[in-house]
Structures are given as C-alpha cells and as structure tokens.
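>
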Amino acid sequence: MKIKPFRGIRPPKELVEQVSSRPYDVLNSEEARQEAAGNEMSLYHIIKPEINFAPGTDEHDPRVYAEAKQQFQRFKLKGWLVQDQDPHYYVYAQTIPNGHRLAVSGERTQYGLVVGAWVDDYLEGRIKKHELTRRDKEEDRMKHVRTLNANMEPVFFAYPHREDLDAIIANVVAGTPEYDFVAAPEGFRHTFWVIDDKATIAKITEIFAQIPAMYIADGHHRSAAAARVGAELKMSAAKLLNDKMSAAKPLNAVPEYEFFLAVCFPDNQLNIIDYNRVVKDLNGLSEEEFIDALKEDFIVEGLPVTGYGLQECKPKALHNFSLYLGGKWYSLTAKEGRYDDNDPIGVLDVTISSNLILDKILGIKDLRSDKRIDFVGGIRGLGELKRRVDSGEMKMALALYPVTMQQIINIADSGNIMPPKTTWFEPKLRSGLVVHELK
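Residues in the sequence shown are numbered from 0 upward in steps of one, following numbering that gives the first Met the number 0.
#1: Taking the alpha-carbon positions, what's the Leu-309 to Met-234 distance?
#2: Does the Cβ of Pro-184 have 16 or more other Cβ atoms within 10 Å, making it buried, or fewer, making it exposed?
#3: Among Ser-330, Asn-282, Leu-281, whose alpha-carbon lies nearest the alpha-carbon of Val-299?
#4: Per DSSP, Thr-421 forms a beta bridge with which residues?
#5: My understanding is that Arg-387 touches Val-277, with C-beta atoms under 8 Å, so please give their C-beta distance in whole angstroms.
#6: Taking three-plus beta-carbon pairs below 8 Å as touching, is the segment 123-131 in contact with the segment 209-225?
#7: Are Leu-361 and Leu-281 touching if we call contact CB-CB under 8 Å?
#8: Specify the secondary structure class of Asn-415 as computed by DSSP and reduced to three states.
#9: Give me the DSSP bridge partner(s) of Val-299.
#10: Just curious, the beta strand (DSSP E) that Ser-28 is in, first and last residue?
#11: Taking C-beta to C-beta, are Ile-167 and Lys-197 nearer than 8 Å?
#12: Quick one: using the 10 Å Cβ neighbour count with 16 as the cut-off for buried, is Ala-169 buried or exposed?
#13: Beta-carbon separation of Ile-344 and Ile-272 under 8 Å?
#14: Over the uninterrupted alpha helix (DSSP H) stretch that includes Pro-176, give me the two end residues.
#15: Give me the Cβ distance between Thr-332 and Phe-289, rounded to the nearest whole Å; I'm assuming they're in contact under 8 Å.
#16: Tell me the rounded alpha-carbon separation between Glu-39 and Gln-69.
#17: Are the beta-carbon atoms of Tyr-64 and Lys-136 separated by less than 8 Å?
#18: Roughly how many angstroms separate the alpha carbons of Gly-186 and Pro-426, rounded to a whole number?
#19: Any chance the CB of Asn-150 is under 7 Å from a heavy atom of the ligand GTP?
#20: Cβ atoms of Gly-431 and Ser-19: under 8 Å apart, would you say?
#21: Would you call the segment 150-157 and the segment 51-66 in contact, with 3 or more CB pairs under 8 Å?
#22: Let me know if His-160 comes out buried or exposed under the rule of 16 or more other beta-carbons within 10 Å of its beta-carbon.
#23: Rounded to whole angstroms, what is the Cα-Cα separation between Asn-319 and Asp-217?
#24: Can you check DSSP and say which residues form a bridge with His-87?
#25: Using the beta-carbon count (16 or more within 10 Å), is Ser-285 buried or exposed?
#26: May I ask which residues mark the beginning and end of the beta strand (DSSP E) holding Ala-157?
#27: Within the continuous beta strand (DSSP E) that includes Gly-382, where are the two ends?
#28: Whose CA, out of Val-402, Arg-133, Arg-9, lies closest to the CA of Glu-191?
#29: Determine the DSSP secondary structure at Glu-392, reduced to helix, strand or coil.
#30: Would you call the CB atoms of Ile-2 and Thr-204 closer than 8 Å?
#31: How is Leu-322 classed by DSSP in three states: helix, strand or coil?
#32: Report yes if the C-beta distance between Gln-406 and Leu-347 is below 8 Å; otherwise report no.
#33: Where does the unbroken alpha helix (DSSP H) through Ile-210 begin, and where does it stop?
#34: Taking only beta-carbon atoms, is Arg-386 less than 8 Å away from chain D?
#35: Taking the straight line between their C-alpha atoms, what separation do you get for Asp-85 and Ala-35?
#36: Just the C-alpha distance for Ala-157 and Phe-264, rounded to the nearest angstrom, thanks.
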C-alpha cells in the first residue's frame, strides 16, 4: 500500500468538541439542524450545509455545495480549522467505555492510523470493497470534494494486523494526546495523537509498502468519490498521458490530489455489530401460517415469555436468528443443507434469511427497492425492533448474528459483493478531527 503523511487541517484543541460531528450519512438534515443549533462552529455547516437554508431545501441544490465551500473558507478564516505546518500521520483511538450498551465484554479500544491513501490503490483493486455503490450517492460526494477541493471526512479501512505497527502505535499513544473527549449522543470516547517524528513517519510508510491490500470497512461511497475525483485531477493534469507514472515518483513528488483521507485500523481490533430487518406484512399469511412456513427450513423454538431479557433473545451463533412476531420472540436455526458454508456469500446469514424467509415466504426479492422492508442498525438494540413491531408500524422483526471481519476479507478477496445492509461498524469515525486538502 502506498500512503503519505499530510498537512492536516484541524480544530484547535479547545474547540474540537464544538467543531467535530457525526458523519454526514448517519443522520438526516433535520437531525443535523437540531444537533448544530446554536453552534456556528459545528462541522455540519460544511458537511450538511443544507441546514443553513430553509427546511426542505434539496441537499443536492447547487447553492448547497456553494455554501459548503463558503463555510469551509469561513472556518479557516475564523481559526476554527487550522492547517499543520508539516506533514504528519495521526493516531485516532475510539473507545467503547464500560457501562455502554455495546460494552458487553468491558471497555474496548481500537487504534487507527490516519493517512493519505493512494487513489491508484483503490482504482487498481488493492483497496478492496465488499459493497456495491450507488452512482447518485457517489456523484453527491464527488461534487462536495470538487467544490471544497478537500476530503472533509475520512473513510474507514482495515488492514491485516502487524505487530510492528502495533508497537509503533503503542509508543505514540503512551504520549499526551492532542484531543481526548467523549462525544454525544453515542457516548464513545475519541482520542487523537499527532505523529511528528520523521523517523516514525518514514517507518510507517515503509511498513505499509509491505501490506498487499486494505479493506473498506465503512465509507464505500466516500472512497469511490475521492478516488474518482483524484483520477479526474490526474487526467486534467495529463499525468497519465505525458508524465511518468506516479508510482515511480518519490513520495514527496506525488501531487496531494492523488491521495485521500483514510483511517486504517488493524483487522483484529474491529467489531461488527448486527444489521437487522423489519417487515411491514406477512405477504397475506396469518402469524400461524408464517411460523409453519418457517419450519420447512428452520428449527423454530418459542422463547420464554418471562424471565428473559432482550439480551437473551439475541441470536446465539452463525445461522441462528431471532424473530419477533405477535408480541413473542422465537429462535430460528437454519437446518443442515439449507446453506453452503463453503461459499463466501452463501455462508452469510443475510443470504440465508434473504433466500429462505424474505424471498421464499414473504416475496421480498430486492432489498434495495422493496418498500415493505426496512433495516435497523444493531446499535439501536433489540428494543428498537420490538418497538417498531409493537407500534403497529411493522409486522415482524428479524435479528441476525453479525458477520465477522474475516468473512468480509474472504468476500473482498474473492471479488464478491455482500448483500445489501450486511455490516454495521461501531463506533463511527468522528468527522472534523482532521481534514485533508487536495493541494
């Protein structure tokens, strides 16, 4: 992998909590408007600039992108975002603290390296994806990057863990962090260090050159958009046609626009949580008929009505599902022979549930377009599934066992694509800790 240190644009230490925000795609415009209320320093004014217009303004209106650029310039002028004098790598740690609903095994921290990732590594398949992207979403992020000439938000990569990088990171985090705070509303702790030792920077670059591939964990649209903008800029500068390939150039001679903002975590530290389904109707079946239809492919067991909390209703292992229907929880275990553990796609519980429940029984064939189904990230817990069914909004809910990082790697390495709404990573990267400018 080819990575590069960069001169990050960052908030002063005392302003980081006011400037930083959740990623643009985890909340809607109205939620962003509410979170940014009374805070002119919130990054939402740049990454969701439609909040500066009347409610209902189309977030793809040309005025909205122009507003993002104006706000970015304003943040720099006001000193709310300040560029580092020298190129750095950075360490970004995310901690799920004790007592948090996701801290089932106690406090957990993952340590990522913030780097400039090379556009060609994405275009040539060394940065590997496991999801399809939508062209309209790519275009939106491309317009944002083009207009600002910057990557305002990082993408989230995983790399095969290495002890030498672990040792470097451990040495860095033994020092005093630049930022250290707990962010609302999720309650995760975010800690950030600047790597300014030139020998350490050179060593990190050298080690990454020995890593054959990285994997997109979260941010497929941002990765595609950043890479495509970088490729456009290369073509417009005639780099591919009239100059030596950038791969042959010394790192400091490669233009900044050939790199984009990424946080790279070792694969053995990442935790994927469940991504669950709720469905509006039973496709004309009664509850009893639906349960009977399930029994062809699943062992169906009712869970006790009393003495069980929601935690006990969670799926226990691969190929085990939890169903909520008619005020009751059921355990569904796929029968032998109904799936293929040797197929990287067929082994996934999203595939099993899609084929044997959603399609076969409920007639839901396209998860991307069917309006009868919705998806609930596991961070909301089983209580959210129960609430949406009990409210009458949905008829049934299905909780899935989370996929593993190794399953994602196997699929990406085989060139396959995961079914929609398979992975949910937490914590999400905090936006606004550092920005990468393409000049």
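Each residue gets a CB set at the ideal place from its N, CA and C atoms; glycine is no exception.
Checking against the coordinates, here is how it stands:
#1: Within the sequence shown, numbered from 1, the residue matching residue 309 stands at position 310. Within the sequence shown, numbered from 1, the residue matching residue 234 stands at position 235. Each residue's Cα considered, the two are about 55 Å apart.
#2: The count along the sequence shown starts at 1 and reaches residue 184 at position 185. The residue is exposed, with fewer than 16 neighbouring Cβ atoms inside 10 Å.
#3: Stepping through the sequence shown from its first residue, residue 299 is reached at position 300. Of Ser-330, Asn-282, Leu-281, the residue nearest in Cα terms is Ser-330.
#4: Position 422 of the sequence shown, counted from the first residue, corresponds to residue 421. When beta bridges are read from the DSSP output, Thr-421 appears opposite no residue.
#5: Here residue 387 refers to the residue found at position 388 of the sequence shown. Here residue 277 refers to the residue found at position 278 of the sequence shown. Going by Cβ atoms, the distance from Arg-387 to Val-277 rounds to 5 Å, so yes, they are a contact pair.
#6: Flag = yes, the segment 123-131 and the segment 209-225 touch.
#7: Reading the sequence shown from its first residue, position 362 is the one you call residue 361. Reading the sequence shown from its first residue, position 282 is the one you call residue 281. Contact flag set, yes.
#8: Counting from 1 along the sequence shown, the entry for residue 415 is found at position 416. Note: Asn-415 maps to coil in three-state DSSP.
#9: Indexing the sequence shown from 1 puts residue 299 at position 300. Looking at the DSSP assignment, Val-299 forms a beta bridge with Leu-331.
#10: On the sequence shown, residue 28 is found 29 positions in, with the first residue counted as 1. Ser-28 -> not in any beta strand (DSSP E); alpha helix (DSSP H) instead, spanning 28-35.
#11: One-based indexing of the sequence shown puts residue 167 at position 168. One-based indexing of the sequence shown puts residue 197 at position 198. No, these two residues do not count as a Cβ contact at 8 Å.
#12: Translated into positions along the sequence shown, residue 169 becomes position 170. Exposed, by the Cβ-count rule.
#13: Indexing the sequence shown from 1 puts residue 344 at position 345. Indexing the sequence shown from 1 puts residue 272 at position 273. No. Outside cutoff.
#14: Mapped onto the sequence shown, residue 176 falls at position 177. No alpha helix (DSSP H) contains Pro-176, which DSSP labels as neither H nor E.
#15: For the purposes of this step, residue 332 is taken as residue 333 along the sequence shown, with counting starting at 1. For the purposes of this step, residue 289 is taken as residue 290 along the sequence shown, with counting starting at 1. At roughly 17 Å, the Cβ-Cβ gap does not stay under 8 Å, so Thr-332 and Phe-289 are not in contact.
#16: By one-based count along the sequence shown, residue 39 stands at place 40. By one-based count along the sequence shown, residue 69 stands at place 70. Rounded to the nearest angstrom, the two C-alpha atoms are 13 Å apart.
#17: Indexing the sequence shown from 1 puts residue 64 at position 65. Indexing the sequence shown from 1 puts residue 136 at position 137. No, Cβ-Cβ distance for Tyr-64 and Lys-136 is not below 8 Å.
#18: The count along the sequence shown starts at 1 and reaches residue 186 at position 187. The count along the sequence shown starts at 1 and reaches residue 426 at position 427. Approximately 10 Å, taken between the alpha carbons.
#19: This structure lacks the ligand GTP, and indeed carries no ligand of any kind.
#20: Your numbering for residue 19 matches position 20 in the sequence shown. Your numbering for residue 431 matches position 432 in the sequence shown. Taking 8 Å as the Cβ cut-off, Ser-19 and Gly-431 qualify as a contacting pair.
#21: no
#22: On the sequence shown, residue 160 is found 161 positions in, with the first residue counted as 1. The Cβ neighbour count for His-160, taken over all protein chains shown within 10 Å, is under 16; the residue is labelled exposed.
#23: The sequence position of residue 319 within the sequence shown is 320, counting from 1. The sequence position of residue 217 within the sequence shown is 218, counting from 1. Cα atoms of Asn-319 and Asp-217: separation of roughly 25 Å, rounded to the nearest angstrom.
#24: If you number the sequence shown from 1, residue 87 lands on position 88. For His-87, which the question treats as bridged, DSSP gives the partners Phe-5.
#25: The residue given as residue 285 occupies position 286 in the sequence shown. By the Cβ neighbour-count rule, Ser-285 is exposed, with fewer than 16 other Cβ atoms within 10 Å of its own.
#26: Position 158 of the sequence shown, counting from 1, holds the residue named residue 157. Counting along the chain, the beta strand (DSSP E) containing Ala-157 begins and ends at 154-158.
#27: On the sequence shown, position 383 is the one that residue 382 refers to. It is not in any beta strand (DSSP E) - Gly-382 instead sits in the alpha helix (DSSP H) that spans 380-389.
#28: Locating residue 191 in the sequence shown gives position 192, counting from the first residue. Checking the sequence, you will find Phe at residue 191 rather than Glu. Among Val-402, Arg-133, Arg-9, the Cα nearest to that of Phe-191 belongs to Arg-9.
#29: As a first step, residue 392 must be located in the sequence shown, where it is residue number 393. In this structure, Glu-392 counts as coil in the three-state DSSP scheme.
#30: Along the sequence shown, read from residue 1 onward, the residue named residue 2 stands at position 3. Along the sequence shown, read from residue 1 onward, the residue named residue 204 stands at position 205. Going by C-beta atoms, Ile-2 is nearer than 8 Å to Thr-204.
#31: Mapped onto the sequence shown, residue 322 falls at position 323. Strand at Leu-322.
#32: Stepping through the sequence shown from its first residue, residue 406 is reached at position 407. Stepping through the sequence shown from its first residue, residue 347 is reached at position 348. Yes.
#33: Here residue 210 refers to the residue found at position 211 of the sequence shown. Segment: none, Ile-210 is in no alpha helix (DSSP H) and carries neither H nor E.
#34: Going by chain labels, chain D is absent from the structure shown, which holds only one protein chain.
#35: Here residue 85 refers to the residue found at position 86 of the sequence shown. Here residue 35 refers to the residue found at position 36 of the sequence shown. Spanning the two alpha carbons is a distance of roughly 31 Å.
#36: The residue given as residue 157 occupies position 158 in the sequence shown. The residue given as residue 264 occupies position 265 in the sequence shown. Those two C-alpha atoms are separated by around 5 Å.
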